[in-house]
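Engineer:
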Amino acid sequence: MDKITIQRTSAPKAKPDVNGIPFGTYFTDHMFLMDYVKGQGWINPRIVPYGPISLEPSAMVFHYAQEIFEGLKAYRTAEGKIQLFRPYENIRRLNNSAERLCVPPIEEEDFMTALRTLIEVDADWVPSEPDTSLYIRPFVIATDPHVGVHASHTYLFAIICCPVGSYYPEGIDPVKIMIESRDVRAVRGGTGYTKCGGNYAASLRASEIAAEKGFSQVLWLDGVYRKYIEEVGSMNVMFKINGKIITPELTGSVLPGITRKSCIELLREWGYEVEERMLSIDELMAAAADGSLEEAWGTGTAAVVSPIGEISYLDKDYTVCGGKIGSVTQKLYDTITGIQWGKIEDKHNWIVPVC
Ligand SMILES: *Cc1c(COP(=O)(O)O)cnc(C)c1O
5 MDKITIQRTS APKAKPDVNG IPFGTYFTDH MFLMDYVKGQ GWINPRIVPY GPISLEPSAM
65 VFHYAQEIFE GLKAYRTAEG KIQLFRPYEN IRRLNNSAER LCVPPIEEED FMTALRTLIE
125 VDADWVPSEP DTSLYIRPFV IATDPHVGVH ASHTYLFAII CCPVGSYYPE GIDPVKIMIE
185 SRDVRAVRGG TGYTKCGGNY AASLRASEIA AEKGFSQVLW LDGVYRKYIE EVGSMNVMFK
245 INGKIITPEL TGSVLPGITR KSCIELLREW GYEVEERMLS IDELMAAAAD GSLEEAWGTG
305 TAAVVSPIGE ISYLDKDYTV CGGKIGSVTQ KLYDTITGIQ WGKIEDKHNW IVPVC
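In this note's numbering, each residue's number is its place in the sequence shown (first place is 1) plus 4.
1) With respect to the beta strand (DSSP E) encompassing VAL179, which residues constitute its N-terminal and C-terminal limits?
2) Thinking just about the alpha-carbon of each residue, which of ALA206, CYS165, ALA82 is nearest to the one in PHE27?
3) Leaving out the 5 sequence neighbours to the left and right, which residues in its chain are closer than 7 Å to LEU270 when beta-carbon positions are compared?
4) On the CB-based measure, 16 or more other CB atoms within 10 Å of its CB, does VAL228 come out buried or exposed?
5) Verify the contact flag: GLU235, CB atom, against every heavy atom of ligand 1, threshold strictly below 7 Å.
6) Check whether the stretch 245 to 253 touches the stretch 188 to 202, taking contact to mean three or more Cβ pairs, one atom from each stretch, closer than 8 Å.
7) Take HIS154 as the anchor and find which of ALA127, TYR139, ASP6, TYR68 has the nearest alpha-carbon.
8) Per DSSP, which one or two residues make a beta bridge with GLN221?
9) May I have all residues whose beta carbon comes closer than 6 Å to any heavy atom of ligand 1, sorted in chain order?
10) Between which two residues does the alpha helix (DSSP H) carrying MET242 extend?
11) Short of 8 Å in beta carbon distance, which residues of its chain neighbour VAL41, apart from the five on each side in sequence? Order them along the chain.
12) How far does the alpha helix (DSSP H) with ASN203 in it reach, from first residue to last?
13) Here's the rule I'm using: 16 or more other beta-carbon atoms within 10 Å means buried, otherwise exposed. How should VAL151 be labelled?
14) Count the other CB atoms within 10 Å of the CB of ARG163; is the residue buried (16 or more) or exposed (fewer)?
15) Could you give the distance in angstroms between the alpha-carbon of PRO376 and the alpha-carbon of GLY313?
16) What are the residues that DSSP puts in a beta bridge with TYR322?
17) Tell me whether the stretch 226 to 245 and the stretch 50 to 66 touch, counting them as touching only if at least three CB pairs, one residue from each stretch, are closer than 8 Å.
18) Buried or exposed for ARG192, please, with buried defined as at least 16 other CB atoms from any protein chain shown within 10 angstroms of its CB.
19) Taking only runs that begin and end inside the stretch 270 to 316, name each unbroken beta strand (DSSP E) of 3 or more residues, in chain order.
20) Using the Cβ count rule (16 or more neighbours within 10 Å means buried), how would you classify HIS352?
21) Could you check the C-alpha separation between ASP226 and VAL241 for me, to the nearest Å?
22) Pick out whichever of GLY275, ARG189, THR303 has its Cα sitting closest to the Cα of TYR204.
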């Protein structure tokens with residue numbers, strides 16, 4: 005990759021009260037951009053003021069959804085330093101998504117340099133209030149001006165950032181979820197294991213209907229048997245049943261979450277038996293009915309863990325863990341956030357300091 009050119013904004017924006025703005029609405033002063041041209045590779049890496057980008061209406065991303073993205077956060081420690089949590093996992097996952105969607109890969113160290121340089125330029129946008137962070141959204145879009153189905157020959161790689169407030173300003177409140185029996189999020193052989201925009205487009209209808217009925221997430225079942233649990237909303241999902249932790253295995257339709265992976269590693273270190281396997285809705289509902297379902301939670305970068313307090317299936321409601329956060333869920337939350345903000349020693353080498 006060539007040297008990144010930096011064009012600083014002449015009109016820096018006011019910093020918002022980070023706990024007073026909705027997630028993902030207020031962006032920092034700068035963004036990273038880089039172009040891909042077949043035959044030349046990734047060229048023209050640059051940091052420019054955050055603002056609109058110009059594309060032909062025929063740009064392939066608008067028509068055929070050749071788009072992939074990532075989501076990670078930068079955290080400010082008590083000493084004022086800025087650090088990332090397992091960023092190479094995000095970089096590798098973007099390249100796995102790229103392979104599935106015929107997008108050219110990005111050299112790992114180039115990607116890391118882009119992240120570092122952008123965070124350094126926008127360093128004063130990383131908030132320091134408790135539990136706040138800078139959300140980072142790298143993405144790639146197909147830009148060929150061509151209405152015709154093929155893999156694009158040109159792409160734009162961009163990284164944008166937004167300061168985000170505490171995910172749980174009023175404390176962690178368990179969510180009510182609904183089992184989705186009509187729509188499926190992904191199928192094996194499809195794009196379920198990638199972070200691509202199309203997966204989200206297909207998930208919207210179920211989420212909208214669930215929200216109208218008062219549920220905050222849907223529990224997705226597999227697309228073949230309509231029977232095995234896959235994910236909850238846009239999070240991975242874990243259950244504690246009879247003392248054991250059970251989470252759906254990565255069959256190709258489940259997104260390999262970095263929070264999921266971190267939870268599994270911690271749980272095994274703490275001595276829990278963790279089973280990555282198919283878990284049917286019948287097995288889950290039987291465990292909910294006889295009381296052996298002790299805890300349930302979703303995992304993802306935005307919330308870290310999101311406890312599930314109620315599950316609705318075939319118009320029957322089951323309360324989990326008395327509708328409260330369970331002790332394993334709480335311990336995972338405390339440990340992972342403790343490492344992210346530098347309050348707990350990082351024994352796993354998960355932290356990458358930036359500046
Ligand atoms: C991003 C995402 C997750 C969580 O992944 P993390 O790496 O833990 O943030 C889970 N499921 C889906 C569908 C996702 O898009």
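Idealized CB from N, CA, C, for every residue including glycine.
Structural biologist: According to the structure data:
1) Locating residue 179 in the sequence shown gives position 175, where the first residue counts as 1. First-last of the beta strand (DSSP E) with VAL179: 179 to 183.
2) Indexing the sequence shown from 1 puts residue 27 at position 23. Of ALA206, CYS165, ALA82, the residue nearest in Cα terms is CYS165.
3) The residue given as residue 270 occupies position 266 in the sequence shown. For LEU270, where only same-chain residues beyond five positions count, the Cβ hits under 7 Å are LEU336, THR339.
4) In the sequence shown, counting from the first residue as 1, residue 228 sits at position 224. Exposed.
5) The residue you call residue 235 lines up with position 231 of the sequence shown. Checking every heavy atom of ligand 1 against the Cβ of GLU235, one is found closer than 7 Å.
6) no
7) In the sequence shown, counting from the first residue as 1, residue 154 sits at position 150. Nearest option by C-alpha distance: TYR68.
8) Taking the first residue of the sequence shown as 1, we reach residue 221 at position 217. BP columns for GLN221 point to ILE181.
9) GLY75, LYS199, GLU235, SER238, MET239, ASN240, LEU259, GLY261, ILE262, THR263, ARG264, THR303, GLY304, THR305
10) Within the sequence shown, the letter at position 238 stands for residue 242. Premise fails: MET242 lies in the beta strand (DSSP E), 240 to 245, not in any alpha helix (DSSP H).
11) By 1-based counting over the sequence shown, the position of residue 41 is 37. The answer, listed in chain order, is ILE47, HIS157, THR158.
12) The sequence position of residue 203 within the sequence shown is 199, counting from 1. Element bounds for ASN203: 201 to 216.
13) The residue labelled residue 151 in the question sits at position 147 within the sequence shown. It counts as exposed.
14) On the sequence shown, position 159 is the one that residue 163 refers to. Reading off the sequence shown, one finds Ile at residue 163, where the question assumed Arg. ILE163 is buried by the Cβ-count criterion.
15) Given that the chain is displayed from residue 5 to residue 359, the structure contains no residue 376 and the question cannot be resolved.
16) The sequence position of residue 322 within the sequence shown is 318, counting from 1. ILE315, per the DSSP bridge assignment.
17) no
18) On the sequence shown, residue 192 is found 188 positions in, with the first residue counted as 1. By the 10 Å Cβ count, ARG192 comes out exposed.
19) 278 to 280, 297 to 304
20) Walking along the sequence shown from the start, residue 352 turns up at place 348. With fewer than 16 other Cβ atoms within 10 Å, it is exposed.
21) Working through the sequence shown from its first residue, we reach residue 226 at position 222. Working through the sequence shown from its first residue, we reach residue 241 at position 237. Cα-Cα distance, rounded: 13 Å.
22) Mapped onto the sequence shown, residue 204 falls at position 200. The residue with the shortest Cα to Cα distance from TYR204 is ARG189.
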